[in-house]
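Residues in the sequence shown are numbered consecutively from 1210, following my numbering.
Please read the structure below before turning to the comments.
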Amino acid sequence: MKRLGCLLGSVGVMLVAAAVFLFGAAIAGLARSPEALTFPIALESLEPIVVSVPPRSHRRLACRMEIATPIVHEEATGQTDQARFRFPISYVVRAGDRTVLAQGDARVAWDGHGTWSRNAPTTAVSQEATLTAEETLATCTMPSDGALSVTLLLGPDDSFHARVIHAWLVVHDAQAGSGSLALGGALLLVVGPLLTATGLGIVLYGLFSRRKRKAPVPKEPPAEST
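Next up, the structure:
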């Protein structure tokens, strides 16, 4: 039992040390986190966008749009209004040797998987909402030469008749984020002390049990003779 307690305590201490390491890595990652690269998209051209970043790194490609939409939907509560937009996108990602790394269709939409935020509130003078939306297209590993060729085709919004003011290809770093490291560190910081306390409790219980077993049994006094 003593050996089991020592083992659990040692594992707990190692987990706490690992948690400290993960927190340090998360802080260092925040300090050196690279800025996302943005490349303007020509709205009426299929000219490929050439991306050059360090080779073998993982990158997440996204389309960011500044959008103006005349369609504003008032919620039933009357407290907020939501802009409506839906733009189809077709994309092809190629390496420098023309090998296709990713291709497909996506959409930048108010009800899609991406993110969007209002730039300016709707006023009584102008019922046109202006906002910025971003949708992830693909995640890929950069080839050995560190070059990508991305072709994007942005379709019109036939559903709500919103219009694109500006559009960009955004290249994000897709390495393990600092948030994931911090979450892992927090989990280890909870489990580690629990294992350490459990191991210490087992050791103390074993010591007290052994001491109790070794305690001398008091002898009974001799019976008086009559």
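Backbone N, C-alpha and C fix where the C-beta goes; we use that ideal spot for every residue, glycine too.
Straight-line measurement puts the Cα of residue 1379 at about 13 Å from the Cα of residue 1358. Taking C-beta atoms as the reference points, residue 1369 and residue 1293 count as a pair closer than 7 Å.
DSSP places residue 1358 in the strand class (E or B) of the three-state scheme.
Closest option to residue 1219, judged by alpha-carbon separation, among 1402, 1417, 1262: 1402. Residue pairing for residue 1255: DSSP places it in no beta bridge.
One alpha carbon belongs to residue 1299, the other to residue 1264, and they sit about 25 Å apart. Residue 1298 is bridged by DSSP to 1315, 1363.
Within the same chain, 1358, 1359, 1360 come within 7 Å of residue 1257 by CB-CB distance, once the 5 residues on both sides are set aside. The residues 1302, 1347, 1349, in chain order, have a CB closer than 6 Å to that of residue 1311 in the same chain once the five nearest residues on each side in sequence are set aside. Listed in chain order, the non-local C-beta contacts of residue 1250 below 8 Å within the same chain comprise 1258, 1272, 1361, 1363, 1376, 1377, 1378, local neighbours out to five positions each way being set aside.
Residue range 1372 to 1382 is occupied by the beta strand (DSSP E) that includes residue 1382.
Between residue 1325 and residue 1342, the C-beta gap is smaller than 7 Å, which places the two residues in contact. Proximity to residue 1371 across 1277, 1226, 1353 peaks at 1277, based on C-alpha coordinates. In its chain, beyond the 5 residues on either side, 1355, 1356 have a beta carbon closer than 6 Å to the beta carbon of residue 1261. Under the criterion of beta carbons closer than 8 Å, residue 1313 and residue 1344 do not qualify as touching, at roughly 12 Å. Residue 1278 sits in a strand when the DSSP states are folded into three classes.
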